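K.L.:
Adding 1354 to a residue's 1-based position in the sequence shown gives its number in my numbering. All C-beta atoms, glycine included, are put in the ideal place defined by N, C-alpha and C. The structure displayed is predicted, hence computed values, not measured ones.
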Amino acid sequence: MESTVTSIHRLTQSRNWVYSANSQNALSVEKELSASKYRLVQLDELIESLAGGLTPKGATYPETGVLFLRVGNIQAHGLDLSDAVFIDRELHNGDLKRCQLRAGDVLLAITGATFGKACVMPNGIGEANINQHIVRIRTRPDLLSPHYLALFFNSKIGMRQSQIFAT
């Protein structure tokens, strides 16, 4: 088993492995997308940047500070801040600088119970950051509305695409 896992890992890291050839679900998604009357493009053509979050070892959550989003905060209808936690400003501006959020960022849950769900960072939240179970996608607003992208991720076909690449 270990050699199989290692081989798959090596293939995915080298980007030589085409998963779609190995999945009925992926083939059906490709068929549905290719039937569209719209031109298909790769997501990286429409985004400014993408960054995964981080939870440093031994992180503690103070009573106040910079909002720190976890996977349970990401819901298809928007952010659920009922169990919000915070991190200190030093961590936010240090180790977590690359994944700082701004209004209009698309937040995509990549693990856990909310896997595949996405929402848009709203205006008025203030400074915020994400943990390692969330990806921040910053669209090029002249090419792609962040709200449209979040709606796509939350759609049936968007969720199926996320499931295809889940490991």
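For the beta strand (DSSP E) that G1406 lies in, which residues bound it at each end?
P.N.:
Within the sequence shown, residue 1406 is the residue found at index 52, counting from 1. Element bounds for G1406: 1401 to 1406.
K.L.:
Helix, strand or coil, according to DSSP, for I1488 in the structure here?
P.N.:
By one-based count along the sequence shown, residue 1488 stands at place 134. Note: I1488 maps to strand in three-state DSSP.
K.L.:
Which of the three DSSP states, helix, strand or coil, is assigned to G1512?
P.N.:
Stepping through the sequence shown from its first residue, residue 1512 is reached at position 158. Correct three-state label for G1512: helix.
K.L.:
Nearest-angstrom Cα distance between N1508 and A1472?
P.N.:
Here residue 1508 is taken as the residue at index 154 of the sequence shown, counted from 1. Here residue 1472 is taken as the residue at index 118 of the sequence shown, counted from 1. Looking at the two C-alpha atoms, the distance is approximately 6 Å.
K.L.:
Can you round the beta-carbon distance between V1420 and N1483 to whole angstroms, since I take them to be within the 8 Å contact cut?
P.N.:
Numbered from 1 along the sequence shown, position 66 holds the residue referred to as residue 1420. Numbered from 1 along the sequence shown, position 129 holds the residue referred to as residue 1483. Right, the Cβ-Cβ distance comes to about 6 Å (below 8 Å), so this counts as a contact.
K.L.:
Less than 7 Å separating the beta-carbons of R1424 and N1485?
P.N.:
Residue mapping note: residue 1424 aligns to position 70 of the sequence shown, counting from 1. Residue mapping note: residue 1485 aligns to position 131 of the sequence shown, counting from 1. A contact, by the Cβ cut-off of 7 Å.
K.L.:
Under 6 Å Cβ to Cβ from V1439, same chain only, skipping five residues before and after it: list those, please.
P.N.:
Counting from 1 along the sequence shown, the entry for residue 1439 is found at position 85. Answer for V1439: Y1415, F1422, listed in chain order.
K.L.:
Apart from the five residues just before and just after A1405, which ones in its own chain have a Cβ nearer than 6 Å to its Cβ?
P.N.:
Along the sequence shown, one-based indexing puts residue 1405 at 51. The answer, listed in chain order, is R1452, C1453, R1490.
K.L.:
Candidates V1383, A1389, R1514, A1430: which alpha carbon is nearest L1505's?
P.N.:
Sequence index remark: in the sequence shown, residue 1505 carries index 151 (1-based). The candidate whose alpha carbon is nearest that of L1505 is A1430.
K.L.:
In chain order, what residues of the same chain have a beta carbon less than 7 Å from the beta carbon of T1465, not counting five sequence neighbours either side?
P.N.:
Sequence index remark: in the sequence shown, residue 1465 carries index 111 (1-based). For T1465, where only same-chain residues beyond five positions count, the Cβ hits under 7 Å are V1425, H1487.
K.L.:
Beta-carbon within less than 6 Å of H1446's beta-carbon, same chain only, minus the 5 sequence neighbours each way: which residues are those?
P.N.:
Residue numbering aside, residue 1446 sits at position 92 when the sequence shown is read from its first letter. So the list reads V1420, N1483, once near-sequence residues are dropped.
K.L.:
Is A1463 near the ligand MN - that is, is its Cβ less than 6 Å away from at least one heavy atom of it?
P.N.:
No copy of the ligand MN appears in this structure; indeed no ligand is present at all.
K.L.:
Please report the residue range of the alpha helix (DSSP H) in which A1472 lies.
P.N.:
To locate residue 1472, count along the sequence shown from 1; it is residue 118. No alpha helix (DSSP H) holds A1472; the beta strand (DSSP E) holding it covers 1472 to 1474.
K.L.:
From this set, G1448, R1393, K1391, L1400, which residue's C-alpha is nearest R1494's C-alpha?
P.N.:
As a working mapping, residue 1494 is identified with position 140 in the sequence shown. Among G1448, R1393, K1391, L1400, the Cα nearest to that of R1494 belongs to L1400.
K.L.:
Can you give me the Cβ contacts of N1370 inside the same chain, cut-off strictly under 7 Å, excluding the 5 residues immediately before and after it?
P.N.:
By one-based count along the sequence shown, residue 1370 stands at place 16. Reliability fails at N1370, whose pLDDT of 48 lies under 50, so the model's placement of it is uncertain and no value is given.
K.L.:
So within the region 1384 to 1438, which uninterrupted beta strand (DSSP E) runs reach at least 3 residues, ignoring any that extend past its ends?
P.N.:
Correct list: 1401 to 1406, 1420 to 1423.
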